[in-house]
Amino acid sequence: MSVMVIAEHDNSSLKLATLSAVTAGLRISETVDVLVAGSDCGSVAEAASKIAGVKRVMHCDDPAYAHMLAENMAPLIVSMSEGFTHILAPATTAGKNIMPRVAADLDVAQISDIVDVVDADTFIRPIYAGNAMATVKSGDAVKVITVRGTAFDAADQTGGSGSIETVSAAETADSSAFIGQELSKSERPELTAAKVVISGGRGMGSGENFKLIDAVADKLGAAVGASRAAVDAGYVPSDYQVGQTGKIVAPDLYVAVGISGAIQHLAGMKDSKVIVAINKDPEAPIFQVADFGLVADLFEALPELEAKLT
Amino acid sequence: MKVLVAVKRVIDYNVNVRVKADGSGVETSNVKMAMNPFDEIAVEEAVRLKEAGVADEVVAVTVGSAASQETLRTALAMGADRGIHVVSDEELQPLAVAKVLKSICLEEMPDLVIVGKQAIDDDSNQTGQMLAAMMKWPQGTFASKVELNDSKAVVIREVDGGLETVGLSMPCVVTTDLRLNEPRYASLPNIMKAKKKPIEEKQASALGVDIAPRLTVVSVSEPPKREAGIVVEDVSQLVDKLKNVAKVI
Ligand SMILES: Cc1cc2nc3c(=O)[nH]c(=O)nc-3n(C[C@H](O)[C@H](O)[C@H](O)COP(=O)(O)OP(=O)(O)OC[C@H]3O[C@@H](n4cnc5c(N)ncnc54)[C@H](O)[C@@H]3O)c2cc1C
Ligand SMILES: Nc1ncnc2c1ncn2[C@@H]1O[C@H](COP(=O)(O)O)[C@@H](O)[C@H]1O
Numbered sequence: 688m689s690v691m692v693i694a695e696h697d698n699s700s701l702k703l704a705t706l707s708a709v710t711a712g713l714r715i716s717e718t719v720d721v722l723v724a725g726s727d728c729g730s731v732a733e734a735a736s737k738i739a740g741v742k743r744v745m746h747c748d749d750p751a752y753a754h755m756l757a758e759n760m761a762p763l764i765v766s767m768s769e770g771f772t773h774i775l776a777p778a779t780t781a782g783k784n785i786m787p788r789v790a791a792d793l794d795v796a797q798i799s800d801i802v803d804v805v806d807a808d809t810f811i812r813p814i815y816a817g818n819a820m821a822t823v824k825s826g827d828a829v830k831v832i833t834v835r836g837t838a839f840d841a842a843d844q845t846g847g848s849g850s851i852e853t854v855s856a857a858e859t860a861d862s863s864a865f866i867g868q869e870l871s872k873s874e875r876p877e878l879t880a881a882k883v884v885i886s887g888g889r890g891m892g893s894g895e896n897f898k899l900i901d902a903v904a905d906k907l908g909a910a911v912g913a914s915r916a917a918v919d920a921g922y923v924p925s926d927y928q929v930g931q932t933g934k935i936v937a938p939d940l941y942v943a944v945g946i947s948g949a950i951q952h953l954a955g956m957k958d959s960k961v962i963v964a965i966n967k968d969p970e971a972p973i974f975q976v977a978d979f980g981l982v983a984d985l986f987e988a989l990p991e992l993e994a995k996l997t
Numbered sequence: 487m488k489v490l491v492a493v494k495r496v497i498d499y500n501v502n503v504r505v506k507a508d509g510s511g512v513e514t515s516n517v518k519m520a521m522n523p524f525d526e527i528a529v530e531e532a533v534r535l536k537e538a539g540v541a542d543e544v545v546a547v548t549v550g551s552a553a554s555q556e557t558l559r560t561a562l563a564m565g566a567d568r569g570i571h572v573v574s575d576e577e578l579q580p581l582a583v584a585k586v587l588k589s590i591c592l593e594e595m596p597d598l599v600i601v602g603k604q605a606i607d608d609d610s611n612q613t614g615q616m617l618a619a620m621m622k623w624p625q626g627t628f629a630s631k632v633e634l635n636d637s638k639a640v641v642i643r644e645v646d647g648g649l650e651t652v653g654l655s656m657p658c659v660v661t662t663d664l665r666l667n668e669p670r671y672a673s674l675p676n677i678m679k680a681k682k683k684p685i686e687e688k689q690a691s692a693l694g695v696d697i698a699p700r701l702t703v704v705s706v707s708e709p710p711k712r713e714a715g716i717v718v719e720d721v722s723q724l725v726d727k728l729k730n731v732a733k734v735i
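Read top to bottom, the protein sequences are chains A and B. Per this note's numbering, numbering through the first sequence is continuous, rising by one, with the last residue being 997. Per this note's numbering, numbering through the second sequence is continuous, rising by one, with the last residue being 735.
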């Protein structure tokens, strides 16, 4: 077995989701190689080489890869794929954008969002918003896989001593161009990596009221998330959405406030270690998955919670 | 300009999906089916382009059993002009669907293809990207806004960190995210009118593309169940439990 992991990064630092993909790779093979493609991303290649279990870093530095456009990334990955039995990437929006393109170019299936490795050909992945778990076996020579970050521990960022090899750019496309981005700025931990997440739903009533959530988040050092309804209503930006079609989180503590607990929301948080629900409706389905439920008006409960946390 | 949209028939998103006792899949008999929600958004976007005078024809395609025709009729009732039903009794995997869509694209030569970002049954999130690769077209995935001008598509994408804007030459593939638009309900008169719109039938097996499954489903099982916990009296008790029982704060 020979595994390539596609590193996700912002050209200066490695995204943590990469470390979970490395762990999944190490379940398949004793060592993995990592592809770091970007622009002025030497520090990322350096960091990748130190991850425990990484044998070799393939470092491709070219402006064409600055924003990981799928139209450029896929041909590069395909050009490097010779000899690899598995190509893994985190199941982030970047990984999901790029990997199906790689699979199509290689004429193989892509296996999305795996949560477990059974053997080198067999993987477990959720379907139907996590209402069912499918064990699938691939007959393809190369397995192109995206890895659900919450399902695999992060690989150790130290202890590795991989070599760094420079590789040259592959064919690039001019059919697609990066125009700009509007990234949410936050002092809080990243949603998918936070130990504590507190999310608000439609029950919050307005974006302004999210300051009640923020105040509790400050006390807990938590990341802030939301339901789709809260995002659709414009209370918070779209990257806050937790769920089947948003972000998947599995923190030590997840607090759902004013969220009913639709199946699509549960799909994104039900693997959290401890779940707390605050909702004024005792019948809300969220209570069926909550370890601790508080039936209360959030406008009273949140300020009180903030005050009682030290 | 011609727009092609792909629509899939899936179990309705409100249905509580149940795993079959023999582990061969999920229960689909007597279960309410509907158009994949992301595909409704795709159809809506295409129809709006037509209403705005940007597109002159909207063609809806589905790949599936005879029953998928219903889904195609829904697309026609929402405003698509005609349908193509690629008949396959086997559920095709994304790679195969993409190959089928490629062969339709080669025939129809659309300027824009809009598909859902993911089918809520297999949750694959692959087909649009695969089609784009096969056509060597650019892609704008997870779109929350699409603007067409001067044979270019400017797409705002929902990415993990926020929003990203890309410019794509056309033809291209766009995959829809939830906030691209709010799909309309088909009105009764439009449902009646849709019955007269043409649907062309083709057999998937006759397209000359490899549609054999590459993944075998070994088994399908229930996810681990989460037990409901306790209801606490008040905020003080909640804080106490989190500190002293769960020890998470
Ligand atoms: C294709 C598709 C994909 C989807 N993907 C996602 C997804 O990724 N993530 C997601 O979250 N949803 C998703 N959804 C939407 C999902 O089905 C629900 O509509 C959504 O999760 C509901 O959000 P909510 O719980 O905030 O709102 P509601 O269901 O309206 O619940 C609001 C809750 O707040 C409570 N409340 C109101 N006021 C107060 C108060 N003062 N104090 C305490 N409690 C109060 C109410 O009792 C209620 O339970 C998706 C839907 C579809 C069709
Ligand atoms: N059988 C099918 N028929 C028509 N369109 C499909 C089919 N399967 C997938 N698609 C399209 O591809 C999108 C993504 O599906 P998937 O890659 O399976 O998550 C869907 O939202 C549809 O637009």
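Even glycine gets a Cβ: it sits at the ideal position worked out from N, Cα and C. The model shown is predicted, which means the values in this text are computed figures rather than measured ones.
Distance between beta carbons of residue j and residue i, contact taken as under 8 angstroms
| i | j | result |
| --- | --- | --- |
| V586 (chain B) | L693 (chain B) | 6 angstroms |
| A724 (chain A) | C747 (chain A) | 4 angstroms |
| P624 (chain B) | A860 (chain A) | 7 angstroms |
| S640 (chain A) | I946 (chain A) | Any property of residue 640 (chain A) remains undetermined from this structure, which presents chain A solely from 688 to 997. |
| M767 (chain A) | V854 (chain A) | 7 angstroms |
CB of residue i within 9 angstroms of CB of residue j, strictly
| i | j | result |
| --- | --- | --- |
| M691 (chain A) | V719 (chain A) | yes |
| T662 (chain B) | D525 (chain B) | yes |
| L701 (chain B) | G782 (chain A) | no |
| V645 (chain B) | Q868 (chain A) | yes |
| L878 (chain A) | L989 (chain A) | no |
| G846 (chain A) | K742 (chain A) | no |
| V640 (chain B) | L634 (chain B) | yes |
| V831 (chain A) | M786 (chain A) | yes |
| A842 (chain A) | L713 (chain A) | yes |
| V512 (chain B) | V706 (chain B) | yes |
| N966 (chain A) | L981 (chain A) | yes |
| I950 (chain A) | N611 (chain B) | no |
| L558 (chain B) | G565 (chain B) | no |
| A964 (chain A) | V976 (chain A) | yes |
| I590 (chain B) | L490 (chain B) | yes |
| L592 (chain B) | L535 (chain B) | no |
| P750 (chain A) | S716 (chain A) | no |
| A807 (chain A) | Q797 (chain A) | no |
| A708 (chain A) | G887 (chain A) | no |
| S689 (chain A) | G770 (chain A) | yes |
| E531 (chain B) | N667 (chain B) | yes |
| S655 (chain B) | S862 (chain A) | yes |
| S574 (chain B) | I697 (chain B) | yes |
| V823 (chain A) | V703 (chain B) | yes |
| D567 (chain B) | V547 (chain B) | no |
| G653 (chain B) | K638 (chain B) | yes |
Limits of the unbroken beta strand (DSSP E) element including residue i
| i | result |
| --- | --- |
| M820 (chain A) | 819-825 |
| A943 (chain A) | 940-944 |
| N966 (chain A) | 961-966 |
| M691 (chain A) | 690-693 |
| I811 (chain A) | 809-814 |
| P777 (chain A) | 773-777 |
| E577 (chain B) | No beta strand (DSSP E) holds E577 (chain B); DSSP gives it neither H nor E. |
| V723 (chain A) | 719-725 |
| R495 (chain B) | 495-497 |
| I950 (chain A) | Counting along the chain, I950 (chain A) falls outside any beta strand (DSSP E), though it belongs to the alpha helix (DSSP H) covering 950-953. |
| K488 (chain B) | 488-492 |
| D636 (chain B) | Careful: D636 (chain B) lies outside any beta strand (DSSP E) and carries neither H nor E. |
| G980 (chain A) | 979-982 |
| Q797 (chain A) | 797-801 |
Continuous alpha helix (DSSP H) stretch holding residue i: start and end
| i | result |
| --- | --- |
| M616 (chain B) | 613-621 |
| R788 (chain A) | 780-793 |
Where residue i meets chain D, residues with beta-carbon distance less than 7 angstroms
| i | result |
| --- | --- |
| G648 (chain B) | In the structure shown, chain D cannot be found, because the protein chains are A and B. |
query: Mind pulling the alpha helix (DSSP H) runs of 4 or more residues that sit fully within the region 510-549 of chain B?
result: 523-537
- request: Mind listing, in chain order, the continuous alpha helix (DSSP H) runs of no fewer than 4 residues lying wholly within the region 855-898 of chain A?
  value: Segments of the alpha helix (DSSP H) lying fully in the region 855-898 of chain A: there are none.
message: Output needed in chain order: residues of the region 688-704 of chain B with a Cβ under 7 angstroms from some Cβ in chain A.
response: R700, L701, T702, V703, V704
task: Check each residue of the region 790-803 of chain A: if its Cβ is closer than 8 angstroms to any Cβ of chain B, include it; give the result in chain order.
output: A790, A791, D792, D794, V795, A796, Q797, I798, S799, D800
field: beta strand (DSSP E) runs contained entirely in the region 652-699 of chain B, provided each spans 3 or more residues
entry: 658-662, 685-689
Continuous alpha helix (DSSP H) assignments of at least 4 residues falling wholly in the region 742-776 of chain A: 757-767
message: Beta carbons nearer than 9 angstroms to chain B: which residues of the region 918-931 of chain A have them?
response: Hits within the stretch, in order: V918, D919, P924, S925, D926, Q928, Q931.
message: Closer than 7 angstroms between beta carbons: that is the criterion. Which residues of the region 815-837 of chain A meet it against chain B?
response: Y815, A816, G817, N818, A819, M820, A821, T822, V823, K824, S825, G826, D827
task: Identify every run of the alpha helix (DSSP H) within the region 914-941 of chain A, keeping only runs that are complete inside it and at least 4 residues long; order them along the chain.
output: 915-919
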